[in-house]
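Numbering (the numbering used here), first residue to last: 3 to 124.
Note that the Cβ used here is the ideal one computed from N, Cα and C, for glycine as well.
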Amino acid sequence: MHELSIMLEVVRRVEAVAKANGSPKVKTIVLQIGEAASVIPRFIEDCYDAAIHQTTLEETKLEIEIIPAMGRCLDCRQVHHLRDSQGICPTCRSKQFEMLSGREFQIKQIAVEDHYESDQNH
3 MHELSIMLEV VRRVEAVAKA NGSPKVKTIV LQIGEAASVI PRFIEDCYDA
53 AIHQTTLEET KLEIEIIPAM GRCLDCRQVH HLRDSQGICP TCRSKQFEML
103 SGREFQIKQI AVEDHYESDQ NH
């Protein structure tokens with residue numbers, strides 16, 4: 003299961019960004035994962051607690067947004083959802099397509115506690 007090593011790297015990068023920005027308290031990490039990415043979102047979620055254990059991110063929340071796998075037919079140029087169409091253009095039945103989205107795996111957002119919020123908690 004390579005999802006754990008991927009999440010350990012996400013944690014490392016998020017901690018580095020937080021440190022570079024004066025170590026604000028991270029509340030939420032938002033990941034975007036494409037439907038055709040080589041990771042399984044449920045496994046990413048399952049690995050999250052282990053990846054943040056004994057780190058500065060231990061109290062953070064993980065959110066995952068799924069990016070649809072979209073393709074453009076190389077014959078008729080129609081854009082379609084590759085998963086729904088099983089890679090066959092619903093317009094002309096061609097199997098030739100260019101992938102437009104769906105392979106992504108990226109950190110979209112790192113939400114931090116604002117200073118007002120942290121002052122209220124003390």
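Tell me whether K21 is buried or exposed, calling it buried when 16 or more other Cβ atoms sit within 10 Å of its Cβ. exposed
Distance check for K63 and K27, CA to CA, integer angstroms please. Distance from the CA atom of K27 to the CA atom of K63, rounded to whole angstroms, is 12 Å.
Assigned secondary structure, K29 (DSSP; H/G/I helix, E/B strand, else coil): The three-state secondary structure of K29, taken from DSSP, is strand.
Assign G36 to buried or exposed, taking buried as 16 or more other Cβ atoms, counted over all protein chains shown, within 10 Å of its Cβ. Burial call: buried.
For A39 and L33, what's the separation of their Cα atoms in angstroms? 12 Å
G104 to V81 span [Cα, whole Å]: 13 Å
Can you name the start and end residues of the beta strand (DSSP E) that S103 belongs to? F99 to S103
Go through its chain and collect everything with a Cβ distance to L10's Cβ below 8 Å, but skip five positions before and after it. A53
Could you have a look at V16 and say whether DSSP puts it in helix, strand or coil? helix
Please report the residue range of the alpha helix (DSSP H) in which R85 lies. L84 to S87
Are C78 and F99 touching if we call contact CB-CB under 8 Å? no
Neighbourhood of A113 by C-beta, 6 Å cutoff - its chain only, sequence neighbours within 5 removed: K29 and T30
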